[in-house]
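Number of protein chains: 2
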Amino acid sequence: MSHSPSAAPHFDSAFRARLFDLFSWRRDVRRFRAEPLPLGMLERFIEIACLAPSVGLSQPWRFVIVGDSGRRQAVMDNFESCNADALLSIRYAAPKLAGLREAPCHLAVFADHATVVGRGLGQRTMPETADYSTVRAVFSIWLAARAEGVGMGWVSILDPVIIGAILDVPRDWRFIGYFCLGYPQAEDDSPELERLGWEQRQPVGGCILRR
Amino acid sequence: MSHSPSAAPHFDSAFRARLFDLFSWRRDVRRFRAEPLPLGMLERFIEIACLAPSVGLSQPWRFVIVGDSGRRQAVMDNFESCNADALLSIRYAAPKLAGLREAPCHLAVFADHATVVGRGLGQRTMPETADYSTVRAVFSIWLAARAEGVGMGWVSILDPVIIGAILDVPRDWRFIGYFCLGYPQAEDDSPELERLGWEQRQPVGGCILRR
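Going down the list, the sequences are from chains A and F.
Take the position in the first sequence, starting the count at 1, then add 923; the result is the number in the numbering used here.
Take the position in the second sequence, starting the count at 1, then add 923; the result is the number in the numbering used here.
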C-alpha cells in the first residue's frame, strides 16, 4: 500500500489526566449565557464529529444548524407540548429541561437511513448501528465543545416526526436529537439532576457482569 | 445548595490539539496483539464510561466482560454465521471484520430497558435515548482506551437475541454492541476501510444543512 501515516501521537499521563477531567466536567447544560459562539466554531466541531467511527464507514450523520427564528419557535412549541404531556404522565417536579430559549446555537442531528455510503457493511443484523454511529459523532461535539468552555444540552422531549417536518429534511433521515450549544452559566463536576435530588449516580460495580 | 464543586479545569490549546489527535487516531481496530491488558484497566475504562451523559441520569449501561472460552466461541460462531449470510447478500470482498479470535478482551454492552433509575425522565417521546446514552458510554471507553494505546473494535455482525442468550443476561437488556479490546498491531490516522478502498471519507460540508 502506498499509504504512509504520519507519526502516531503518544498520549502521556498528563494528557490522560486532563481527558479524565474533560469526561468529569462535561455536563448536559440547560442554562446558557446569551453570548453567541465565535463564527465558524460550530462548523469546526462538526469537522471533529465527522472523525467518529461509523458502521462500514457509512458516515450517516446529518447536521442541521437551525437559525431561523420561526423554526426555532416551532421546535420550542413542540417541546412545550411534549413536556406538558410528560408532566401529566410521570408527575415530576420539573427540573429545567431545556435551554432552547437562551441558547445561541440550535443543532438538530439526524441519521440518513438511505445513504449508500459504506454499502451496508455491518448493518444487516443491526441496522440501528447507523443511529449509534451518529450518536458517537454527537458525543464528539460534546467533548470538543467542553474543551473550549462551550456547553451542550440534549433535548429529547420532542416528537421526532414533527421535528423532521419543521426542519424540512428528507423522510429517510431519522431524528437522533436536538442540541443547544452556548457558554454555560456555571460549570460543575456533578450532574444537575443529581444536585437537584432527582437521581444519583449509581455504583460502577453494579453495572458490570462477568460471563 | 450546599454543593460546592471543585475548581473548574481550564483546557488549554495544547490539550485541545492533543484531543484532536485523539479523535483523529482513534480507529475501529480489527488486528490485535495477543498481549493481555493490565489487570484492572478495563474496569477503569468502565468507570470513565459511567461519566457519560444519560437521559434523566438513568445510567442504563450494562457491561458484560466475557472471559469464558465457551461463550467466546459461541459469539465467534454467531459472527461467522451472520457474516456468511451478509457475504451472500451484499457480496463484499470481505475486509477483516472482527478481531474476536486474537483480542485479549471481549466486552458486550447492553442497555437496561427495565431500570427505574432516572424515573423515565426524557424518554417518553424517544425511548431510544436509553440506547443512545449507552452508546456514549461505549464511545468514552473507546477514547480513554486509545489514550492509553489500547485499540477497540465494534462487532455488529451478530444476532442481538442470540448474543443475549449466550451471555445469559436479563431479557429487558437490549444488546448495543460487542467489543474487542487489546493493543493494536498498528496505529493509523485513516480508517482501515478507507485504506482498503472500501469507502472514502465524505466532505464535511455535504452533511451540513442550514434551516
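Yeah, the Cβ is synthetic: ideal placement off N, Cα and C, and Gly gets one too.
From a predicted model like this one, the values you see are computed outputs, not experimental measurements.
Cβ-Cβ separation between Y1101(A) and V998(A): approximately 7 Å, consistent with a contact (criterion under 8 Å).
Per DSSP, reduced to three states, the secondary structure at R985(A) is strand. At a cut-off of 8 Å between beta-carbon atoms, G1087(A) makes no contact with chain F. Here A1109(F) has R954 as same chain residues with Cβ atoms under 8 Å from its own Cβ, once five neighbours each way along the sequence are excluded. Residue state for L1104(F) is assigned as strand, using DSSP reduced to three classes.
Interface criterion met: the Cβ of I1131(F) is under 8 Å from a Cβ in chain A.
Around W1065(F), the same chain offers R949, M1075 as residues with beta carbons nearer than 7 Å, after the five sequence neighbours per side are excluded. Looking at the DSSP output, V1032(A) sits in a beta bridge with F986(A), G1100(A). At least one CB atom of chain F sits nearer than 8 Å to the CB of L980(A). Closer than 7 Å at the C-beta level to chain F, one finds these residues of the segment 987 to 1002 of chain A: V987, I988, V989, G990, D991, R994. For D1095(A), the closest Cβ of chain F is not nearer than 8 Å. As DSSP reads the structure, W1121(F) sits in no beta bridge. Bounds of the alpha helix (DSSP H) holding G1087(A) are 1083 to 1090. The C-alpha of T1048(F) is placed about 18 Å away from the C-alpha of Q982(F). DSSP, read as helix, strand or coil, puts R967(A) in helix. Per DSSP, the continuous beta strand (DSSP E) segment holding V1078(A) begins and ends at 1074 to 1078.
With respect to the 8 Å criterion, I988(A) and A1034(A) are not classified as neighbours on the basis of their beta carbons. Chain A has a Cβ within less than 8 Å of the Cβ of I969(F). Of the residues assessed, V978(F) falls on the buried side of the cut-off, its CB having 16 or more other CB atoms within 10 angstroms. In this structure E1122(A) is buried. Its beta-carbon is surrounded by 16 or more other beta-carbon atoms within 10 angstroms. Straight through space, the alpha carbons of S1079(A) and L1020(A) are spaced by roughly 9 Å.
Residue pairing by DSSP places F955(F) opposite P1107(F) in a beta bridge.
The DSSP-derived three-state label of L1116(F) is helix. Rounded to whole angstroms, the separation of the alpha carbons of F1002(F) and S1012(A) is 42 Å.
Within the segment 1061 to 1074 of chain F, contact with chain A at the beta-carbon level (separation under 9 Å) is assigned to V1061, F1062, S1063, W1065, L1066, A1067, R1069, A1070, E1071, G1072. Take A1070(F), set aside five residues on each side of it, and the residues of its chain with a beta-carbon closer than 7 Å to its own are L945, in chain order.
Against chain A, the beta carbon of L1090(F) has neighbours under 9 Å at L1132, R1134, listed in chain order. When the beta-carbon positions are compared, W1096(A) and C1130(F) stay at least 8 Å from each other. Within chain A, the residues placing a beta-carbon under 7 Å from that of A931(F) are W948, E1110, ordered along the chain. A direct Cα-Cα distance of roughly 8 Å separates T1057(A) from V1032(A). Nearest neighbour of V1040(A) by Cα position, chosen from L980(A), E958(A), F938(A), V1061(A), turns out to be L980(A).
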